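The structure appears right after this line, and notes come after that.
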Amino acid sequence: MEKKIGEVLLSVDHISLAFGGVKALTDICFGIREKEVFAIIGPNGAGKTSMLNVINGFYHPQEGEITYKGIHRKQMKSHDAAVQGIARTFQNVALFKGMSTLDNIMTGRIIHMKRNLFWQSLYLGPARKEEMENREYVEDIIDFLEIQHIRKTPVSRLPYGLKKACRVGTRACGRA
Ligand SMILES: Nc1ncnc2c1ncn2[C@@H]1O[C@H](COP(=O)(O)OP(=O)(O)OP(=O)(O)O)[C@@H](O)[C@H]1O
Ligand SMILES: [Mg+2]
Numbered sequence: 013m014e015k016k017i018g019e020v021l022l023s024v025d026h027i028s029l030a031f032g033g034v035k036a037l038t039d040i041c042f043g044i045r046e047k048e049v050f051a052i053i054g055p056n057g058a059g060k061t062s063m064l065n066v067i068n069g070f071y072h073p074q075e076g077e078i079t080y081k082g083i084h085r086k087q088m089k090s091h092d093a094a095v096q097g098i099a100r101t102f103q104n105v106a107l108f109k110g111m112s113t114l115d116n117i118m119t120g121r122i123i124h125m126k127r128n129l130f131w132q133s134l135y136l137g138p139a140r141k142e143e144m145e146n147r148e149y150v151e152d153i154i155d156f157l158e159i160q161h162i163r164k165t166p167v168s169r170l171p172y173g174l175k176k177a178c179r180v181g182t183r184a185c186g187r188a
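Quick note on my numbering: the sequence shown kicks off at 13 and runs consecutively.
In structure tokens form, the structure reads like this:
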């Protein structure tokens, strides 16, 4: 696979974030290029999670701005960040325990499904076509991750490693 580093895709410019008197981030700047693997490291309390929360739209900085794919933004809703393709993972696995691997991964497709509740409840025509297309997408991800054997297993019964694989699948399908 070709891995040529490209143009700056995400630019963080002079971001400062404080919680009352606690300065979590002060004048942070960096750029992440297309296909680049970029790591943020630092001691406990350095502000790594806060930085990710700003990029993700969960925290809104008092100063600075983020530019993603050429669009400047001072504030962003987490949902919009997900729609634009900014995926986020958490230390905990954040899955729906009672649901199967397949259904959990399918939740990642919800933001890509446009038909309203009316069509979905009737499960006719466009809604049905849309669901089938998204299901195919999910099956491809399941094949890629080689987790076909746990498709129908409730995630609460899976060992941690497979829960993580399921979580990767939900992210690959678009859920933050
Ligand atoms: N929601 C919040 N309310 C108040 N203070 C916060 C909040 N989130 C983070 N902070 C503070 O901001 C600073 C940076 O915290 P942050 O969690 O971003 O650090 P971190 O680098 O992710 O640390 P760790 O390595 O422990 O995960 C800390 O002083 C923390 O106490
Ligand atoms: Mg952290």
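Ideal Cβ positions, reconstructed from N, Cα and C, are used throughout, including at glycine. Since the model is a prediction, treat every value here as computed from it, not as a measurement.
Burial is judged here by how many other beta carbons sit within 10 angstroms of a residue's own beta carbon; residue 55 has fewer than 16 and is exposed. Beta-carbon to beta-carbon, residue 68 and residue 51 are separated by about 16 Å, too far to satisfy the 8 Å threshold. Judged by DSSP in its simplified three-state form, residue 40 adopts strand. Per the Cβ contact rule, the region 100-111 is not in contact with the region 136-155 (fewer than 3 Cβ pairs under 8 Å). The continuous alpha helix (DSSP H) containing residue 140 extends over residues 137-157.
At a Cβ-Cβ threshold of 8 Å, residue 83 and residue 24 do not count as neighbours. Annotation for residue 72: 87 place their beta carbon closer than 6 Å to its own, counting only its chain and skipping 5 residues before and after.
In this structure, the straight-line span from the alpha carbon of residue 143 to that of residue 91 is close to 21 Å. The C-alpha of residue 146 is placed about 17 Å away from the C-alpha of residue 164.
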